[in-house]
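In the UniProt record's numbering, the protein residues as written are 1 to 752.
The beta-carbon is built from N, C-alpha and C at its ideal position, and this holds for glycine as well.
Notes to accompany the following structure.
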Amino acid sequence: MRKQNSRISVVSRRKFLQLAGIGSGGLILGSGLTAGEPVWADAATGSDSEHTLNLFVSVAPDNTVSIVCHRSEMGQGIRTGLPQIVADEMEADWEKVNVIQGLADKRYGSQNTDGSRSIRNFYQTMRTMGASARHMLEAAAAQLWSVPVASCQALQHRVHHKDSGRSISFGELAELAASQPVPEASALKLKSSDDFNYIGKPVATYDTPDMVVGKGQYGQDVQLENMLIASIERAPVLGSTVASVKQDKARAVKGVVAIETMDGGQLPPLFHPLAGVAVLATNTWAALKGRKALEITWSDSAHGNHNSAEYIETLKQRVAEPGKTVTAYGDTDTELAKSERRHSAVYSVPYLTHAAMEPPSATAVVSENSCEIWACTQTPQSAQQNVAKALGLKPEQVKVNVTLLGGGFGRKSKPDFAVEAAVLARKMQRPVKVVWSREDDIRHSYYHAASAAYFEAGLNSDGLVTAWRQRTAFPSISGTFSAGANRPSGGELSMGFADLPFDIPNRTCETAVAEYHTRIGWMRSVANIQNAFGICSFADELAHMNGQAPDAFLQELIGQDRAINPNQGGFMYGNYGEKLEDYPFDSARLKRVLKETAAKADFSKGDGEGWGIAVHRSFLSSVGIATRVQVQDDKLKVVEMHCVADVGLTVNPDRVNAQMEGAMIFGLSLALMGEVTMQNGAVENSNFHDYPLLRIQQCPELHVHLLSSDEPPAGVGEPGVPPVAPSITNAIFAACGQRIRDLPVTKHLTLA
């Protein structure tokens, strides 16, 4: 039985430097991280019960191995995956592993749990930490037995002496191992993949036992003595502020303690709280009831005339006109002009929101020189920095405790809700928990951008695509951080748009202007959502126009096996933060996924039933989706869905399968019914009755097929989402001949 313990030993900076040997010029274990800062292994904390081997690993005399997880757990299983790697390399018994949630701490490198990068960015680091701990345990045994280190080997939570047959447990070696010199990373020998105990194996999720019996602590669960609950009425329109507020009725509600006006309305919005009025009470019901009794007048805003339906139509008009060139190959204009056949189409995707099961929540305690936060945050370091700035403190004066997250999808990587709690706690001089309702979450989120995209292709007499133009317009996430941003950033264009995988000699990628009118932010798979929908749908249109099976046509479009390099001129391809030489864009891997995806489909179906496929590379993984639908009397039923994924090495196949299943469900919700509408600058939706999610009876049979690979681990959490929508709409066309170019599907068909 694994020991449950969330204690974290705190090492002072002075002691940390002293024990790590940095102060004397010694270079200890350095592992390169995404932030460019190495993780330094510190030595023993001096605790009588637990002995620290490095920043992530400690061993107790009772044989418990504690492993820090520095990333946020939101159902994806990262508190299993990362410790699983360490335990394997260390030769620890998984049943004796205790996972500790890391605080916000720059020594861990990036703790921003988004971008599908936790495993790919820390796989090697976690292996190194495990190998370092193993080496120190072996060195301790060698010292104890007065034998060469080479004759000692750690296996299954014990160190064995090969010659004498002696063995000793990790717990018995804990104190002595903690006193060993930390090895140089270059001196460590990592295990062969043939010797893996857990990596590549379906290890059960560490947190499941606590989750199913209600012991897991989420952001909404935090309870502190003398705590107040805050419910905030926020400005409905971006840029609005509180002009006036009548509080008498709210103050009369039993349990209401205080009413505070929240500053806000700054542009760009960044991670500032929105302007609003907070009702603080001794219980949630009183806070909500008092909030409803407020009478608030809001100031005017430049965004007060924003209408989402009109905005999307404007974007569709703009993409139909020449735009700003991002990349250009060959002579697209000339080739289009002389093409035997030409075809064009415009696609649109509405505003979308994350709608995680648990709305945001944060609790704060503030003193003159410190602040402690408990939050369901994906980004503890950003929360630490933004809270510190709001309070006028140094980041190291802010302690951020990361709870479990009831889903995140990118919403909880924006720490505005943590700042709200901190600001109110300082005003009240007592603990404050800010509780977002479902309505708050839907009406005041950071939304996925509404978008429009134009595509045009020219085919020669042999039916080959010789020219391709694509143009996109959507409010950039950059607008959240930089006033006046009105075109997609290079990072957003690197998400399945400018990195077009098709081997077309004449092709052009362009953008059009799109101003922002609300907070735009990252949502699961980000710009890949609209980019994959447009590109995969248009390719399917061309296939049918050409009289070819979709898979055969796509094979021709992708062309010869090659390493694709989207860099051209001023456009620098982001490749999700990785070097192309480390994570090449390999067309052969994409075609392999296409082949396996097409094998799941039957393109001969008809009479109201059809299959659609789509393949897309995102977050360094290639994923294909094959979907079977039935359409009768304008009623749609999604019957069956297959996901084929090449994600490189899989640390925990069970979690990868679950992530892909979740991505399919998430993608189904977005494609079929996802739509946030805005009128006069304010969100009209409020709850699941008007922003519905997929119901269990609407969910098709789901099948996941993971392709074996020895390539480095790639992204998992997000790549399954982008191909879902086009696979559905392509299947609908195959079933009934109706081509859907504007999402959601329920604008055109009723769900059976």
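| Check | Outcome |
| --- | --- |
| Using beta-carbon positions only, say whether L188 and S231 come within less than 8 Å of one another. | no |
| Quick one, which of V721, P700, G715 has its alpha-carbon nearest L751's? | P700 |
| Quick one: does the C-beta of G610 sit closer than 7 Å to a heavy atom of the ligand GDP? | Absence of the ligand GDP from the depicted structure is noted, as is the absence of any ligand whatsoever, leaving it without description. |
| Return helix, strand or coil for E91, following the three-state DSSP convention. | coil |
| Would E723 pass as a contact of A483 if the rule is Cβ separation under 8 Å? | A small fix is needed here, since residue 723 is Pro in this sequence, not Glu. For P723 and A483, no; Cβs fall outside 8 Å. |
| Spatial neighbours of Q555 within its chain, please: CB distance less than 7 Å, with the 5 preceding and 5 following residues excluded, ordered by chain position. | K591, L594 |
| What's the C-alpha gap between V149 and D195? | 20 Å |
| Roughly how many whole angstroms lie between the Cα atoms of D690 and V676? | 9 Å |
| From this set, A252, R166, A527, which residue's C-alpha is nearest V349's C-alpha? | A527 |
| Look at the Cβ atom of I229, then the Cβ atom of A281, and state whether they are nearer than 8 Å. | yes |
| In angstroms with no decimal places, state the Cα-to-Cα distance between D248 and L288. | 15 Å |
| Answer yes if the segment 489-496 comes into contact with the segment 349-367, meaning at least three C-beta pairs across the two stretches below 8 Å, and no otherwise. | no |
| Would you mind working out which of F170, S361, A422, V615 sits nearest T597, comparing C-alpha positions? | V615 |
| Three Cβ pairs or more, each shorter than 8 Å: is that satisfied between the segment 423-441 and the segment 362-376? | yes |
| By the DSSP assignment, the beta strand (DSSP E) with R234 in it spans what residues? | 228-234 |
| Roughly how far, in whole angstroms, is the beta-carbon of L173 from the beta-carbon of L137, given that I think they are within contact range, below 8 Å? | 5 Å |
| Any beta carbon from chain C within less than 8 Å of A752's own beta carbon? | The structure shown contains no chain C, having only a single protein chain. |
| S686 and E439 look like a contact to me (Cβ under 8 Å); what is the Cβ gap, rounded to whole Å? | 5 Å |
| Helix or strand or just coil, what does DSSP make of K246? | strand |
| In the DSSP assignment, find the unbroken alpha helix (DSSP H) run with S727 in it and report its ends. | 724-736 |
| Expressed to the nearest angstrom, what Euclidean distance is found between the alpha-carbon atoms of V86 and V222? | 30 Å |
| Can you name the residues that DSSP bridges to residue 771? | Beyond the ends of the chain as shown, which are 1 and 752, falls residue 771; an answer cannot be given. |
| Between T263 and the rest of its own chain, which residues show a CB-CB distance below 7 Å, the 5 nearest in sequence each way excluded? | The sequence shown places Asp at residue 263, rather than the Thr named in the question. Result list for D263: A275, in chain order. |
| What do you reckon, are the CB atoms on Q220 and L404 nearer than 8 Å? | no |
| Closest to T261 by C-alpha separation, out of S339, E295, E711, would be which residue? | E295 |
| Secondary structure at A645, three-state DSSP: helix, strand or coil? | strand |
| Assuming E260 is part of the alpha helix (DSSP H), what are its boundary residues? | From DSSP, E260 is part of no alpha helix (DSSP H) but of the beta strand (DSSP E) over 256-262. |
| Would you report the Cα separation of A457 and S344, rounded to the nearest angstrom? | 6 Å |
| Under the three-state reduction of DSSP, which class applies to Y108: helix, strand or coil? | helix |
| Drop a sphere of 10 angstroms on the beta-carbon of T208, count the other beta-carbons inside from all chains shown, and report buried for 16 or more, exposed for fewer. | exposed |
| Quick test of your reading: V326 and T128, contact by CB under 8 Å. State the CB separation rounded to the nearest angstrom. | So it is not a contact: roughly 39 Å between Cβ atoms. |
| Under three-state DSSP, which class holds D742? | strand |
| Excluding the five sequence neighbours on either side, which residues of its own chain have a C-beta within less than 8 Å of the C-beta of residue 765, listed in chain order? | Outside the displayed range of the chain (1 to 752) lies residue 765, so it cannot be described from this structure. |
| Excluding the 5 residues flanking I168 on each side, which residues of the same chain have their C-beta closer than 8 Å to its C-beta? | A141, L144, R158, V159 |
| From L580, F417, A543, pick the residue whose C-alpha is nearest to that of S494; which is it? | L580 |
| Are D654 and L707 closer than 8 Å when you measure CB to CB? | no |
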